[in-house]
Amino acid sequence: MPGDTPLDVLHDVIRIAFGWEHSHPHQFEAEGRQYTDTSHGAAPGVSDERRATLVEFAPRKGHRLRYPYDLGDARVACLAAERAGPPEDSGGIPGYQNLLDARSDPEHPEHDHCPDWLGGIYDPVAVDRDAINIALAKVGVPVAR
Numbered sequence: 014m015p016g017d018t019p020l021d022v023l024h025d026v027i028r029i030a031f032g033w034e035h036s037h038p039h040q041f042e043a044e045g046r047q048y049t050d051t052s053h054g055a056a057p058g059v060s061d062e063r064r065a066t067l068v069e070f071a072p073r074k075g076h077r078l079r080y081p082y083d084l085g086d087a088r089v090a091c092l093a094a095e096r097a098g099p100p101e102d103s104g105g106i107p108g109y110q111n112l113l114d115a116r117s118d119p120e121h122p123e124h125d126h127c128p129d130w131l132g133g134i135y136d137p138v139a140v141d142r143d144a145i146n147i148a149l150a151k152v153g154v155p156v157a158r
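Residue numbers (the working numbering): 14 to 158.
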């Protein structure tokens, strides 16, 4: 992503890449600073993500930032697109791990519900970069080539 990318655009990139629908609040956090969509109000000390860019927020390659999405769930996201992301509403890290366990274990009590919940075929390792780039292009985000 170019350094001048506003954080609200970065949010769109992340949610599109993970296949999320933008149905939960989110926030960017790094070094004591917090940014979010303030169009519906925000807590004191939380800044408008539309007024900050990626280079201001994460000034160097490899800089770590937190991106809580669905603020009630614990999530860790890597943006290198090496594996598929957790589906939306999968319950954060513990819920996603339970989902993967249920999917792989025919004896798991929730095993039979996995195909319905995941919408059919789900491969936690597969990443369709072309589909992600097409979705990003549709909303006007420059895509990697």
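All residues carry an ideal CB built from backbone N, CA and C; glycine is no exception.
Per-residue burial, residue i [other beta carbons within 10 Å of its own, 16 or more giving buried]
i          : result
residue 26 : buried
residue 44 : exposed
residue 30 : buried
residue 71 : buried
residue 53 : exposed
residue 28 : buried
Residues near residue i by beta carbon distance below 6 angstroms, same chain, minus five either side
i           : result
residue 102 : none
residue 65  : 20 and 48
residue 60  : 48
residue 127 : 115 and 116
residue 51  : 61
Residue i - partner residues in DSSP beta bridges
i          : result
residue 61 : 49
residue 41 : 48
residue 66 : 19
residue 82 : 39
Straight-line gap, residue i to residue j (C-alpha atoms, nearest Å)
i           : j           : result
residue 14  : residue 67  : 8 angstroms
residue 107 : residue 99  : 11 angstroms
residue 11  : residue 33  : No statement about residue 11 is possible, as the shown extent of the chain runs from 14 to 158 and does not include it.
residue 122 : residue 105 : 20 angstroms
residue 46  : residue 125 : 43 angstroms
residue 152 : residue 112 : 30 angstroms
Supposed close pair residue i, residue j - CB separation, criterion 8 angstroms
i          : j          : result
residue 82 : residue 41 : Actually they do not touch by this definition, with Cβ atoms about 10 angstroms apart.
residue 62 : residue 24 : 7 angstroms
Cβ neighbours of residue i in the same chain (closer than 8 angstroms, five flanking residues each side left out)
i          : result
residue 55 : 49 and 61
residue 17 : 66, 67 and 68
Proximal residues to residue i (C-beta, below 7 angstroms), its chain only, five neighbours per side dropped
i          : result
residue 39 : 24, 49, 80, 81 and 82
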